[in-house]
Amino acid sequence: GSSPPVTRPGPAPATRSNSALSSYMETQTSVAIPMEDDGVRVLCSTQSPSSVQSSVASTISMPLNKVIVEMKRGGGGYGGKIANATPYACSAAFAAHKHRREVRLVSNIKDCMTSTGKRCPWKFEYRVAFTPQGKVTAVSGTVYAANWRATNDFARCYDIANWDVTGVTCNVDAPQNTWMRSPTELGECTFINEVMDHVATQLRMPAEQVRSVNLAAPTPGGGVSNLPSLFNNLLTSASWPQQKTDGLRSD
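Just so you know, we're using my numbering here: the sequence shown kicks off at 34 and counts up by one.
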């Protein structure tokens, strides 16, 4: 028969994916120009012109048709300018409307990170069951996210039969986080590979062996997963065992 799952007593292990600076090619920028009919024209580096229009109209109490929003280029927002450009546009528009003169607002990277946040930080507390051969049979736990949506489905390229992870959003006294490009990728990759490393450490097995055992098998007809063969070919072509040996010697 199959080997029983391995369990370990003690507190649930935990890992974190901390917040990180967002790599804007251009920081948050807005120019507001008052118009003759008491309206305002806003040139804004935003990924959501309609949100800027409605927010500016609400801020200075005017109809939508008196707010014109123009956006020539996003300036490399990568998701960081979907909502976070709006406060800058509203501030510039309010000042322009009040003083009846053009207002230009260009932030530096420090102000951007202070006012609109960074990539979302997460914490993952988990339990994992696995066989003596390194096959992960179950993962359960909780992902905590600060001021953002908590990810909970990140087995990704691994075949894990029993998955029970809950996401919890925590309200904290800090600026909102930025929905930057691939916003959950960093945390998800960190968490699932931390689980694999944890299993490898407990069994005193090479981490790449545990990963290989748990990779999703190819689907019939040459479907989406050829990962086992790709992974093993990569280990061979990169001379990974020799690189590990050389690295230990240099240390």
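Glycine included, C-beta positions come from ideal geometry on N, C-alpha and C.
Contact annotation: N266 and S52 have beta-carbon atoms that are not nearer than 8 Å. The segment 125 to 136 makes no contact with the segment 181 to 201: fewer than 3 CB pairs, one atom from each, lie closer than 8 Å. When the five nearest sequence neighbours on each side are left out, the beta carbons in the same chain lying within less than 8 Å of the beta carbon of S84 are those of I115, A116, T119, in order along the chain.
In this structure, DSSP gives D206 a state outside helix and strand, which the three-state scheme calls coil. Counting only the Cα atoms, A65 lies some 21 Å from M58.
With respect to the 8 Å criterion, V100 and A90 are classified as neighbours on the basis of their beta carbons. W212 is the residue among V169, S272, W212 whose C-alpha sits nearest the C-alpha of L54. Residue range 155 to 163 is occupied by the beta strand (DSSP E) that includes A162.
C190: not part of any beta strand (DSSP E); DSSP gives it neither H nor E.
In the DSSP assignment, the residues bridged to D197 are S173. Judged by beta-carbon spacing, Y191 lies beyond the 8 Å limit of S173, meaning their Cβ atoms are not closer than that value.
C-alpha of T48 to C-alpha of F157: approximately 5 Å in a straight line. In the three-state scheme derived from DSSP, where H, G and I count as helix and E and B as strand, L54 is classed as coil. Per DSSP, L76 lies in no alpha helix (DSSP H) segment; the continuous beta strand (DSSP E) that holds it begins and ends at 73 to 77. A check of alpha carbon separations from D71 across P261, A129, S270, R237 identifies A129 as the nearest.
Here L260 has C190, L248, A249 as same chain residues with Cβ atoms under 7 Å from its own Cβ, once five neighbours each way along the sequence are excluded.
Of the residues assessed, G167 falls on the buried side of the cut-off, its CB having 16 or more other CB atoms within 10 angstroms. A buried status is given to S81, since no fewer than 16 other beta-carbon atoms sit within 10 Å of its beta-carbon. Each of T278, Q275, V243 was checked against the Cα of F264, and the nearest Cα belongs to V243. The continuous alpha helix (DSSP H) containing T149 extends over residues 142 to 149. Between C153 and P216 a beta carbon distance of about 7 Å is seen, short of the 8 Å cut, so the two are scored as contacting. If you look at R134, you'll find it isn't in any beta strand (DSSP E); DSSP assigns it neither H nor E.
Listed as beta-bridge partners of T62 by DSSP are V139. The alpha-carbon of V169 is positioned some 15 Å away from that of P239. At a Cβ-Cβ threshold of 8 Å, V161 and V232 count as neighbours. F187 is positioned such that its CB atom lies closer than 8 Å to that of F224.
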